[in-house]
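Report on one structure; see the data block that follows.
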Amino acid sequence: MNRGEYSPSVQKTLYETQVIVLSRVPEVEEIEIIMPNSITSPST
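First residue of the sequence shown: 5, per this note's numbering; consecutive thereafter.
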């Protein structure tokens, strides 16, 4: 089972995803990702 790869942050994951898409899909020239500026903690 593929469990993915550890990433220390959502930002790093999104950046790496953008780099891969931009390098593999020539039709894509720009990617914009908008995220809320908030910190969310899981409820205990």
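Using N, Cα and C, we set each Cβ at its ideal position, and we do this for glycine too.
If you're wondering where the values come from, they're calculated on a predicted model, not measured in any experiment.
Extent of the continuous alpha helix (DSSP H) run through residue i
i: Glu36; result: Looking at the DSSP string, Glu36 is not in any alpha helix (DSSP H), and its letter there is neither H nor E.
i: Glu20; result: 14-28
8 angstroms Cβ cutoff met for residue i and residue j
i: Val25; j: Ile37; result: no
Cβ neighbours of residue i in the same chain (closer than 8 angstroms, five flanking residues each side left out)
i: Ser32; result: According to the sequence provided, residue 32 is Val. The question's Ser does not apply to it. Correct list, in chain order: Val25, Leu26.
Spatial neighbours of residue i in its chain, beta-carbon cut-off 6 angstroms, leaving aside the 5 residues before and after
i: Ser11; result: Thr17
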